[in-house]
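Comments concern the structure below.
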Amino acid sequence: MRYVRYLCIAIFALALIAVALANRSMVSLRLLPTEVSGFFAMNPEINVPLFIVILGSIIAGLLVGFVWEWIREYNQRAEAARQAREMRRLEREIARLKGEKYEGQDDVLALLDRAS
Numbered sequence: 824m825r826y827v828r829y830l831c832i833a834i835f836a837l838a839l840i841a842v843a844l845a846n847r848s849m850v851s852l853r854l855l856p857t858e859v860s861g862f863f864a865m866n867p868e869i870n871v872p873l874f875i876v877i878l879g880s881i882i883a884g885l886l887v888g889f890v891w892e893w894i895r896e897y898n899q900r901a902e903a904a905r906q907a908r909e910m911r912r913l914e915r916e917i918a919r920l921k922g923e924k925y926e927g928q929d930d931v932l933a934l935l936d937r938a939s
């Protein structure tokens, strides 16, 4: 299974390299459209290769998706933590009650009674 994973990673890497090589031309990224930039008397612009725009967009989309999912699953994580706390409390209570039940009895008889 490890080799299948390595094969998938290699294929994905080759695909990214192919996209990067096919999209090496420079593109201009502007903060505002040219029609709107006249109102603000500035229009920041940067020239970058197209593959950086493509890969940057993919990474930005993944990050937004991960954060969105993490926020969406907050209720499930909080409920799981609450249930874990409740389970630990109940386990402590069971241990305390078992200790009270067999207090003063012979240890061997208490062990035999617990096993059944």
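Each residue of the sequence shown is one higher than the one before, starting from 824 at the first, in the working numbering.
Glycine included, every Cβ here is placed at the ideal spot set by N, Cα and C.
All values derive from a computational prediction rather than experimental measurement.
C-alpha gap between R828 and A883, whole angstroms: For R828 and A883, the gap between their C-alpha atoms comes out near 24 Å.
Test item: CB-CB of L855 and I869 under 7 Å: Against a cut-off of 7 Å, the Cβ pair of I869 and L855 comes out as no contact.
Contact the region 902 to 915 vs the region 877 to 893: 3+ CB pairs below 8 Å: Counting C-beta pairs closer than 8 Å gives fewer than three between the region 902 to 915 and the region 877 to 893, which falls short of the contact rule.
Helix, strand or coil at R915 according to DSSP, with G and I counted as helix: In the structure shown, R915 sits in a helix (DSSP, three-state: H, G or I).
Assigned exposure category for F863 - 16 Cβ within 10 Å defines buried: The residue in question, F863, is exposed, as its Cβ has fewer than 16 Cβ neighbours within 10 Å.
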